[in-house]
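See structure below.
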Amino acid sequence: MRTFVHGAASWGVACPSEPSRVAGVTMAGFRVRDLDAIRLVPHPAVMLLVEFGAGSPVVDRAAGRRWRGSLVAGPGLGADGGVWARGEDVACVQVRLSPTIAGAVLGVPPAELDGGIVTLDELWGREASRLGERLAEAPSWPDRFALTDALLARRRRDGEAVDPEVAWAWRRIVRSGGAARVEGLAAEVGWSRKRLWSRFRSQLGLPPKRAARLVRFDHAAHRLLAGHDVARIAADAGFADQSHLHREVVAFTGVRPGAVADEPFLAVDPLAWPGSTPPGRAPAAG
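Quick note, the sequence shown lines up with residues 416 to 701 if you use my numbering.
Structure representation (structure tokens):
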């Protein structure tokens, strides 16, 4: 376990030594003695948070909703900057699920999450609490990652896959950094535009244009974090200009582009999810 230090934040961070056996799954482990309120930054994945510590994470929404314990969040949670997490003595495994496999793993399609949050108990019942108990009893982080991965692999095997055309369209959007022209995706898979939009939305939880915006924002946010030039980011990521980039960052985070690197939820990514972010500045680790 390494230490993430960013301003007043200090977290223990663990990463698996091997990739998941399930394509589309990445994991990280966290221990935080005192998790001061941090803003959740939207990400183009379904987030599964399995807590097993003495404390319990609390997630608050600006509208007044509150959730405790192990959670599942739809892709893009936190858009508008109005979702915050906090807690004491928090220990958890965080899983990022590609929307193309999330429905099979969770047992419900991401569309039923509608970009929001549900407790893991609501989806998995007793299986959720059993996983938390086993993680608490596990002697090491490699054991915790192995336990989690085995469960995800079993559920993935038994779950229903999304349409190949939908999975292809999602991969095309991700590989392009959100710059793919979504108007042409339907023609490329041989579907009508209406059919692709409908199937994409029902199976992945968001329409193709929203998916492209979210992927493009995520790509730009990590380049901002790495210290890249704003004008170059705007040009490379397919924004019309710097003003367009500015508006999108504010819409997704509630803060200006220059403040994105000060968001601990995003700044921990180079340490917690190595290889998933552009090269550049990284937070201190010890």
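For glycine and all other residues, C-beta sits at the position ideal for the given N, C-alpha and C.
* Please name the residue or residues paired with M462 in a DSSP beta bridge. => A488, R511
* What are the start and end residues of each continuous alpha helix (DSSP H) run of 4 or more residues lying completely inside the region 518-591, in chain order? -> 535-539, 541-552, 556-573, 579-590
* Asked: With distances taken between CB atoms, is the gap from I588 to A649 smaller than 8 Å?
  -> no
* Using only alpha-carbon positions, find the residue among A551, L492, L538 that is nearest to A469. => The option with the nearest alpha carbon to A469 is A551.
* Asked: Just checking my contact of R501 with V533 at CB under 8 Å: how many whole Å lie between their CB atoms?
  -> Wrong, their Cβ atoms sit about 19 Å apart, outside the cutoff.
* Asked: From D651, V510, E433, D633, pick the residue whose C-alpha is nearest to that of F445; which is it?
  -> V510
* If you draw a straight line from the C-alpha of S617 to the C-alpha of I516, how long is it? -> Rounded to the nearest angstrom, the gap between the Cα atoms of S617 and I516 is 13 Å.
* **Three-pair Cβ contact test at 8 Å for the region 582-599 versus the region 627-636** => yes
* Starting from W426, follow the beta strand (DSSP E) in both directions and report where the run begins and ends. => 424-429
* To do: Using 10 angstroms around the beta-carbon of H458, count the other beta-carbons present and answer buried if the total reaches 16, otherwise exposed.
  => buried
* Counted within 10 angstroms of its Cβ, other Cβ atoms place M416 as buried (16 or more) or exposed -> exposed
* Asked: Start and end of the alpha helix (DSSP H) containing V645?
  -> 645-651
* To do: Note down the Cα distance separating P623 from V505, rounded to an integer number of angstroms.
  => Whole-angstrom Cα-Cα distance: 35 Å.
* Can you give the Cα-Cα distance for D451 and L546, rounded to whole angstroms? -> 26 Å
* Asked: DSSP three-state call for A500: helix, strand or coil?
  -> strand
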